[in-house]
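In what follows, a structure is listed as structure tokens, so that the remarks can point back to it.
There are 2 protein chains.
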Amino acid sequence: MKNIDSSRVTIKDIAKALNVSISTVSRVLSNHPAISEATRKLVNDKVKEMGFSIDPIASSFRSKKTKSIGVVCPRIDIDFHSKVISGIEEYAYQQGYQITIFQSQDNYQKEKEIVQMIESTLAAGLIICPGLETRKYDHLKKIKKANIPLVVYDRSTDGLKTNKVMINDLEASFKATEHLIKAGCKSIAHISGDQEVSIFKARLLGYKKALEQYNLEIREELIKEAKHLSHQEGLNLAQELIQGKTSFDGIVCANDYTAAAAIQTLKKVRRIPEDLKIIGFSNYPISTMIEPQLSTIDDSAYHMGKVAAKLLIQQIEDRDLDLLDYQEVLIKTELIVRESSSH
Amino acid sequence: MKNIDSSRVTIKDIAKALNVSISTVSRVLSNHPAISEATRKLVNDKVKEMGFSIDPIASSFRSKKTKSIGVVCPRIDIDFHSKVISGIEEYAYQQGYQITIFQSQDNYQKEKEIVQMIESTLAAGLIICPGLETRKYDHLKKIKKANIPLVVYDRSTDGLKTNKVMINDLEASFKATEHLIKAGCKSIAHISGDQEVSIFKARLLGYKKALEQYNLEIREELIKEAKHLSHQEGLNLAQELIQGKTSFDGIVCANDYTAAAAIQTLKKVRRIPEDLKIIGFSNYPISTMIEPQLSTIDDSAYHMGKVAAKLLIQQIEDRDLDLLDYQEVLIKTELIVRESSSH
DNA sequence: TTTATTTATGCAAACATTTGCATAAATAAA
DNA sequence: TTTATTTATGCAAATGTTTGCATAAATAAA
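Protein chains in written order, with UniProt numbering: chain A, 1 to 343; chain B, 1 to 343.
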């Protein structure tokens, strides 16, 4: 069966039916000011009557503008990213934009390939969380050079001057640590993330800064790195902490999986929160499903997505805004106190 | 600053530089057979040299074809959907398609709006998981009428004849229940999902079928409905079960959150798995993080996404395939036995 | 050789919309 | 009234690619 494609109603059909020019119709549709109320109504009514809708492709073709935002992240099925994307979609849709999603799989080559493709595609803009392998930003610089609005989220990109939306990881981690201190902890351990990654470095820094500020000693043997922050790593490292000779009465974890693991392991030998307080990071679903329920930092991923989209669309629509070179937004996180750290 | 738009290299530039016709260049680019090896090479080299890439918008405009697949789901940040989407993206990207994502928020009006928009957008195809509120499928029928390939995933759509990819929920639930029976359970409870939703109905049915087949009595008082399958509902219903007078030695749960809740609640009064065996559904991350670790059914969400994309692209590219009206694919699930049901 | 067939290339139209420029109509100023 | 200004509309070009049809060149058949 051939696609007979019940021939779409075009702007031309409207014009003919109304005996006005094509340009007039086009102008009504794009809210051009130099149109009388009378014809505006006339056209709009006809548009409805004939069930016309503008052909976005033809429009983009002529105007060289798209309503499509490219979004690149390492993986969609990571809790954090899916929330960010959800936020992006919500805001973008509301503003009349669509989002086209790509996964880099943390693969630098693929990321470059995707970005280049997006560039050649007339995307209205690009929102990206660079992959773990990404150390050079030439691909993103090219995007900027091509005058495509760009927003980077979550991962810091040293040396690349562009719009960024990030969690204030340092401050959040500081807050978490401070919370344990104020709850009475004197010797606090830290299960950190991959120290090659800026946000996990920042979390470690925030932890240290809090200890310093409250005159607690920083003990390297209480700092354990979990490259992937997996539950299993958490189990192992918690075990290491138990077997170490330095005692501790609190643990700040760089995510909730490791924190959950720490709770599981340690509640067999210590009372939580009476003798040991634990706090996680990210507010994953699991944090309310374990016992005791896990205190954590809400990473506002959804909100972050909204802000990223807002920042980008602002750029897209207000091109003259590039009087300012770029802006960096730090998203506030929220300390959520549950049982695992109460006193 | 005006967007000076460093004027893209076009097919025309290539043609001029090589003194061949535009059509020749176009044909090389689309692998038309009637092109000599010599010119093919000539053109391809020049294309590389000048850094040309085809303008997808112009191409779509002329050919009335897009490489963009619309994907509609209730929410992106639900574990299941983010996995499905991840699978879709992976397969689609590999095949040269992009995916454009929308969230219906389980809102019927919004879903219709989105679908209509996708229709007017020349999308190559549409993959959708209809929202909970969706009972009528006129919007999807319109898509079919417009000859846009369509695949529905996860939710059954009674009365709509179209390509579907679904988990064999009935069989999966049967398998889960059978597993408990074979592990020695004689009286099995069920925490079910919203009985307005086909997949949860199927899970209940599978449970009942297994009981019947093994000559166990179906006791309505052991069947509890958790509308949203939340952790909290799970806690409540587990409590109800305890307080009920009918004893039980197994629970089949319609998801892992309620199963986790059941474990939490019941392990205080019973030994799991010795006296009570529990199995969940979906294989969420949490299932390996609780104690005892939760047996469950892996829902193959990622795989489902891949299959959905494959089915769709097959349709897109092989239009004559619509000799067959539509196909329904049932995805096999996997029983994962962990501690909570071992014997 | 001449004719028929195949192979490779070019011409030009078509696609639906946007937009700069021109012009007609209406209003205001002189 | 005439002239200047503003407001509303129309004309036609331009956008980058694809594709049906025509044609030229090359090869095969007669």
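Cβ coordinates follow ideal geometry from the N, Cα and C atoms, glycine included.
These numbers were taken from a predicted model, which means no experiment stands behind them.
Check: Using the C-alpha atoms, what's the distance from Gln243/B back to Ile297/B?; Outcome: 28 Å
Check: Using only alpha-carbon positions, find the residue among Val152/B, Leu150/B, Leu170/B, Ile54/B that is nearest to Val252/B.; Outcome: Leu170/B
Check: Applying a beta-carbon distance threshold of less than 8 Å, which residues of chain B neighbour Gln103/A?; Outcome: Ser86, Glu89, Glu90, Tyr93
Check: Is it right to say Thr246/B is buried, meaning 16 or more other beta carbons lie within 10 angstroms of its own, or is it exposed?; Outcome: exposed
Check: On the CB-based measure, 16 or more other CB atoms within 10 Å of its CB, does Ile88/A come out buried or exposed?; Outcome: buried
Check: Closer than 7 Å by C-beta to His303/A: which residues in its own chain qualify, once you throw out the five before and the five after it? Chain order, please.; Outcome: Gly87, Ile331
Check: Express the C-alpha separation of Tyr137/B and Asp158/B in angstroms, rounding to a whole number.; Outcome: 9 Å
Check: Count the other CB atoms, across all protein chains shown, that sit within 10 Å of the CB of Met166/B; report buried if there are 16 or more and exposed otherwise.; Outcome: buried
Check: So, is the C-beta of Gln315/B closer than 7 Å to a C-beta in chain A?; Outcome: no
Check: Counting only Cβ pairs nearer than 7 Å, list the residues of chain A close to Gln98/B.; Outcome: Thr100
Check: So, is the C-beta of Ser120/A closer than 7 Å to a C-beta in chain B?; Outcome: yes
Check: Which of the three DSSP states, helix, strand or coil, is assigned to Lys224/A?; Outcome: strand
Check: Residues of chain B with a CB under 9 Å from the CB of Gln264/A: which are they?; Outcome: Met289, Ile290, Glu291
Check: Can you give me the C-alpha to C-alpha distance between Glu225/A and Ile76/B, rounded to a whole angstrom?; Outcome: 31 Å
Check: Quick check on the burial criterion: 16 or more other C-beta atoms within 10 angstroms. Buried or exposed for Leu140/A?; Outcome: buried
Check: State buried or exposed for Arg271/B, treating a residue as buried only when at least 16 other CB atoms are found within 10 Å of its CB.; Outcome: exposed
Check: Looking only at DSSP bridge pairs, what is Ser192/B linked to?; Outcome: Glu225/B
Check: Could you pull out every residue in the same chain whose Cβ sits closer than 7 Å to the Cβ of Lys110/A, ignoring the five residues on either side in sequence?; Outcome: Ser104
Check: Where DSSP assigns a beta bridge to Ile167/B, which residues make up the other side?; Outcome: Ile331/B
Check: Return no unless some Cβ of chain A is closer than 7 Å to the Cβ of Pro130/B.; Outcome: no
Check: Within 7 Å (strictly less), CB to CB, does Asp106/B reach chain A?; Outcome: no
Check: According to a CB-to-CB cut-off of less than 7 Å, which residues of the UniProt domain "HTH lacI-type" (9 to 63) of chain B neighbour chain A?; Outcome: Ser53, Pro56, Ile57, Ala58, Ser60, Phe61
Check: Enumerate in chain order the residues of its own chain whose CB-to-CB distance from Asn163/B is below 6 Å, with the five nearest sequence positions on each side excluded.; Outcome: Val151, Leu311, Tyr326, Gln327
Check: Taking the C-alpha atoms as reference points, what is the distance between Asn19/B and Gln116/A?; Outcome: 28 Å
Check: Using a Cβ-Cβ cut-off of 7 Å, state whether Ala260/A counts as contacting chain B.; Outcome: yes
Check: When you compare the CB of His190/A with every CB in chain B, is at least one pair closer than 7 Å?; Outcome: no
Check: Counting only Cβ pairs nearer than 7 Å, list the residues of chain B close to Lys83/A.; Outcome: Asp77
Check: Does Ile331/B have its Cβ less than 7 Å from a Cβ in chain A?; Outcome: no
Check: List the residues of chain A whose Cβ lies closer than 7 Å to the Cβ of His231/B, in chain order.; Outcome: Thr288, Met289
Check: In the structure shown, what three-state DSSP assignment does Gly125/B receive?; Outcome: strand
Check: Find out if the Cβ-Cβ distance for the pair Val71/A, Ile99/A is shorter than 7 Å.; Outcome: yes
Check: With distances taken between CB atoms, is the gap from Ala260/B to Met289/A smaller than 7 Å?; Outcome: yes
Check: Taking the beta strand (DSSP E) that Phe200/B falls in, what are its first and last residues?; Outcome: Counting along the chain, Phe200/B falls outside any beta strand (DSSP E), though it belongs to the alpha helix (DSSP H) covering 198 to 213.
Check: For a test of the three-state rule: what should DSSP assign to Gly305/B, helix, strand or coil?; Outcome: helix
Check: Take the Cβ of Arg62/B as the centre, count every other Cβ of all protein chains shown within 10 Å, and call the residue buried at 16 or more, exposed below.; Outcome: exposed
Check: Distance check for Glu274/A and Arg338/A, CA to CA, integer angstroms please.; Outcome: 13 Å
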